[in-house]
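Protein chains in written order, with our numbering: chain A, 158 to 743; chain B, 74 to 575. Think of the CB as a built atom: it goes at the ideal place given N, C-alpha and C, for glycine as much as any other residue. One structure is given below, encoded as structure tokens.
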């Protein structure tokens with residue numbers, strides 16, 4: 158879950174509750190589902206919160222939630238925006254990254270804390286909604302350092318005139334100015350990236366700049382890279398890095414926020430969250446025009462969405478009876494606005510709430526505002542019949558019988574390695590008809606070389622347990638009723654899964670006869686017919702191995718383990734054992 | 074009266090006025106001394122004899138002691154050589170005397186260290202003088218050695234201690250028990266005692282012949298430890314699973330089963346997990362390379378699930394603004410949770426159709442590529458439970474879980490609202506540790522979202538919860554390292570010793 162560092166003094170200032178001490182704040186935050194995880198070196202709170210509430214990724218967002226919690230604010234709040242002066246032209250953008258949005262912010266007063274908070278918010282949004290910048294990347298620029306291009310009309314664009322030829326030489330005063338989201342050849346125009354002092358091409362940035370190296374993978378399949386130009390030239394290389402020229406500092410008073418990515422909705426929500434955070438610090442938001450070849454958008458998108466929730470659904474889901482006024486009140490305390498209509502409410506959702514997909518999310522908000530822990534648990538009046546599956550009952554009975562025969566019941570991993578499953582048992586996966594020999598289901602990126610396949614049989618696991626317990630007393634009589642599988646194209650998933658019964662007897666005089674005595678007893682208990690015609694199996698001594706045939710079907714193997722297998726497992730006593738399919742006992 | 078044969082023999086051999094040692098009685102009765110001692114104690118308990126104890130020391134010569142008994146003590150040999158060299162007149166060079174004495178090796182040091190102590194003379198600046206008045210023929214240590222060598226006994230404790238400190242003798246303390254007849258014993262003897270037959274074990278012959286009626290059975294020490302026996306035993310985690318299954322069946326839940334290797338479609342997509350959710354490409358997932366993809370998925374189900382992801386459900390619903398690709402959903406992996414079984418059941422692709430009301434559970438393995446430590450393994454058992462019914466509320470969810478956890482001694486359940494992509498509302502469950510009283514997380518729960526249920530064609534509410542069986546077992550039994558229990562590194566002894574769960 159995301160963790161955000163928050164200065165408690167900032168929280169006090171932004172909520173207007175300067176009298177709250179740290180303990181009060183921690184408790185209030187817990188009430189919102191935000192957990193205090195400790196302090197940073199600077200005394201900031203490390204706060205962990207739920208991954209859906211991305212509007213709380215900053216101190217400003219948390220302060221807003223607290224103000225609703227305290228009842229200082231009620232209902233939906235949408236900041237006013239001024240009319241657009243700036244345009245983002247969109248032309249010749251990379252096919253895989255076609256979307257852009259943005260906003261102009263004026264009158265910001267960024268001290269160190271505010272700047273840190275803004276940078277943290279940007280990073281957290283990149284990590285979450287932005288899917289590590291793959292889906293959306295944010296660039297924030299000092300507007301004073303941008304030189305606008307003269308925005309062109311559709312006719313001008315149609316004539317093929319490029320933006321850079323139409324420079325607004327005045328620099329200011331023009332009614333509209335623009336920047337252009339477009340693409341650049343990897344070794345095309347140069348710029349000086351952040352934290353650097355050399356002119357570099359985008360390709361150079363990817364190979365030479367630390368940030369470039371980090372995000373190079375995102376652009377691996379691109380022929381031309383995303384780029385943003387102003388009248389002076391290339392100043393931003395999303396989703397990798399901004400230019401140094403437009404770097405935001407504590408002296409910046411006006412900002413240009415741009416977001417580029419693979420999904421317009423996601424970009425607009427990320428943009429809204431940033432604008433709300435800056436609005437909370439007293440800044441003024443100014444619209445920008447996004448000029449796509451086929452359409453024109455006004456951004457930021459502060460549109461309030463509406464969800465219809467029925468009164469009945471609220472009551473059935475929370476198990477509580479409410480009046481209409483109750484619901485309206487709970488909604489306002491959640492930062493929503495509920496208007497009673499027909500059988501329920503039209504509930505307005507502010508633009509920063511990216512987590513509300515369905516009316517049920519509104520009900521969850523109402524429940525939180527009501528206080529889930531105030532609900533009285535009740536046992537549902539629902540009658541059903543319980544029971545176990547047949548294979549689960551069979552497994553339990555076989556396990557119980559094995560224990561009655563003196564075996565210690567084991568539980569081993571279903572994952573193993575080819576070395577353990579085959580090589581150390583002297584078995585090859587393509588051995589004809591040998592129990593355990595089969596094409597294994599393999600894991601694509603194994604955690605370690607010990608876990609690369611699903612086991613095709615269970616005797617190797619028991620041999621490993623013997624190997625790891627040679628320091629304990631004998632006899633060791635071990636059994637497992639468990640899982641085995643192999644690749645099989647005839648099944649639904651391509652993997653044939655089955656339950657298997659395996660047992661070993663390890664002691665100074667263990668023999669085939671001992672193993673068979675136990676196997677016979679087990680088969681007798683389940684009233685099945687056992688036959689053991691001789692067979693060859695590389696894991697067993699020749700002449701002392703047999704096929705386990707139950708009711709005429711070959712279902713397993715029994716024998717004395719081959720000395721080479723025993724010695725390879727560092728065991729110093731003879732071992733006899735068997736393995737067969739659990740279903741044969743049905 | 075009738076007594077066991079050995080008691081009769083001891084009683085008859087004992088005397089009323091002459092305490093007789095156990096060894097002497099053993100020699101006379103021809104029973105082993107331990108049998109005689111046992112009989113004597115039985116008789117003492119019956120008041121027929123008195124047993125007295127005295128401690129005595131057995132003294133025997135060591136090899137070195139025997140050597141000195143034959144050759145003389147080194148210091149005495151040194152004194153005789155010193156006299157021969159005239160050291161009683163004036164001091165003589167030490168080397169000369171030692172040479173003449175024939176002493177060698179460690180005996181030289183022994184001789185020198187005892188010489189002055191026993192007043193044979195003095196050693197000063199490498200010269201040796203001899204006291205003319207010393208009498209080597211009446212050295213008490215030499216006398217004692219000679220006596221012991223002849224089989225005699227020495228009473229002088231100071232001399233014995235000295236010899237023991239020189240490792241010339243071994244002294245072993247021993248308790249000597251003596252038996253004397255009491256008045257009651259004498260009376261019984263006068264009245265006549267006879268031996269009853271006593272047997273060690275009951276045999277089929279004794280039973281068949283009826284002889285068992287005329288014999289006494291020797292007493293066992295019924296308090297003694299018996300030999301170790303290693304019983305067969307159900308694995309402790311399997312026992313815990315059985316316990317959980319018992320509880321759930323008792324609460325009306327029906328067990329589910331299904332594939333360990335499954336398509337991401339059932340593991341994630343049916344659960345309304347967006348395809349670009351970080352967890353879906355996360356390193357903690359075990360994807361398969363052979364086989365790589367499921368062959369086919371039900372086309373209509375795929376279409377409904379995809380639409381829910383893209384557009385959401387209900388007129389007001391929003392979808393995820395994320396890519397959705399059927400190929401991605403076909404990828405096979407080891408299930409990261411057994412909620413894939415729930416998805417299959419609700420979707421109707423398991424063997425049976427789900428008709429509300431219904432309760433389902435499974436206690437089955439799930440796989441997570443996690444860091445191995447005392448509480449995390451790559452494979453663990455997930456307890457999964459769900460209730461399908463009309464109009465389920467958060468209160469029903471709370472009531473169900475309160476009932477379930479109370480079966481395991483976990484009370485004071487708390488519900489912390491949380492976020493989960495496929496449930497809303499969602500709660501982390503916290504409970505008090507039965508031993509420590511600490512508040513700990515014991516599960517995750519929620520009510521399935523409409524975006525999950527509508528594509529699966531479920532027209533009812535479904536609430537569900539999950540937790541790791543291992544966590545519950547740790548709470549129930551207090552064991553601390555899961556690695557001792559589960560897997561091929563398990564400690565057989567630990568499993569043998571584990572307390573039974575019931």
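- The three-state reading of DSSP puts residue 340(B) in helix, counting H, G and I together.
- Considered as a whole, the segment 355-416 of chain A harbours 359-365 and 367-372 as its complete alpha helix (DSSP H) runs of no fewer than 4 residues, in chain order.
- Using a Cβ-Cβ cut-off of 7 Å, residue 208(A) counts as an interface residue toward chain B, since at least one Cβ of chain B sits closer than that to its own.
- With the rule of 3 Cβ pairs closer than 8 Å, the segment 463-472 of chain B counts as touching the segment 523-532 of chain A.
- Rounded to the nearest whole angstrom, the C-alpha separation of residue 128(B) and residue 149(B) is 34 Å.
- The shortest CA-to-CA distance from residue 539(B) to any of 239(B), 434(B) and 260(B) is the one to 434(B).
- Residue-level contact check: residue 518(A) touches chain B, since one or more beta carbons of chain B fall below 7 Å from its beta carbon.
- The bridge partners DSSP lists for residue 665(A) come to none.
- Its Cα nearest to that of residue 263(B), the residue 89(B) stands out among 496(B), 194(B) and 89(B).
- Looking at the backbone, the Cα of residue 236(A) and that of residue 537(B) are separated by about 40 Å.
- Under the three-state reduction of DSSP, residue 655(A) is assigned to strand.
- Runs of the beta strand (DSSP E) spanning 3 or more residues and lying entirely within the segment 486-545 of chain B occur at 487-493, 496-505, 512-521 and 534-541, in chain order.
- When 8 Å is used as the limit between beta carbons, residue 553(A) is near these residues of chain B: 315, in chain order.
- The continuous beta strand (DSSP E) containing residue 504(A) extends over residues 501-506.
- Within the segment 586-646 of chain A, the runs of beta strand (DSSP E) that reach at least 3 residues and sit entirely inside it are, in chain order, 633-644.
- With a cutoff of 7 Å on beta-carbon distance, residue 417(A) and residue 395(A) are scored as near each other.
- By the criterion of a C-beta distance shorter than 6 Å, residue 119(B) is surrounded by no residue of its chain, once the five residues flanking it on both sides are discounted.
- By the neighbour-count criterion, in which 16 or more other beta carbons inside 10 Å mark a residue as buried, residue 286(B) falls on the exposed side.
- Going by DSSP, residue 250(B) is part of the beta strand (DSSP E) stretching over 242-254.
- At a cut-off of 7 Å between beta carbons, residue 600(A) contacts chain B.
- Between the alpha carbons of residue 204(B) and residue 193(B) lies a gap of roughly 5 Å.
- Closest in alpha carbon position to residue 541(B), among 340(B), 384(B), 454(B) and 378(B), is 454(B).
- Contact holds between the segment 125-141 of chain B and the segment 240-251 of chain B, because three or more Cβ pairs, one in each stretch, are under 8 Å apart.
- Chain-ordered, the chain B residues with CB closer than 7 Å to the CB of residue 288(A) read 349.
- Here DSSP, grouped into helix, strand and coil, assigns residue 281(A) to helix.
- Using a Cβ-Cβ cut-off of 7 Å, residue 442(B) is close to 604 of chain A, given in chain order.
- Collapsing the DSSP output to three states places residue 572(A) in a strand.
- Residue range 372-384 is occupied by the alpha helix (DSSP H) that includes residue 372(B), with no beta strand (DSSP E) assigned at that position.
- When only Cα atoms are considered, residue 398(A) and residue 528(A) end up about 44 Å apart.
- Less than 7 Å separates the beta-carbon of residue 87(B) from that of residue 122(B).
- Distance from the CA of residue 545(B) to the CA of residue 480(B), rounded to the nearest whole angstrom, comes to 11 Å.
- DSSP, reduced to helix, strand and coil, places residue 555(B) within a helical segment of the structure shown.
- Each residue's CA atom was taken as its position, placing residue 282(B) and residue 288(B) some 12 Å apart.
- Taking C-alpha positions only, residue 522(B) is separated from residue 505(B) by approximately 29 Å.
- An exposed status is given to residue 445(B), since fewer than 16 other beta-carbon atoms sit within 10 Å of its beta-carbon.
- Non-local C-beta neighbours of residue 79(B) in its own chain, meaning closer than 6 Å and more than five positions away in sequence, comprise 104, 108 and 112, ordered along the chain.
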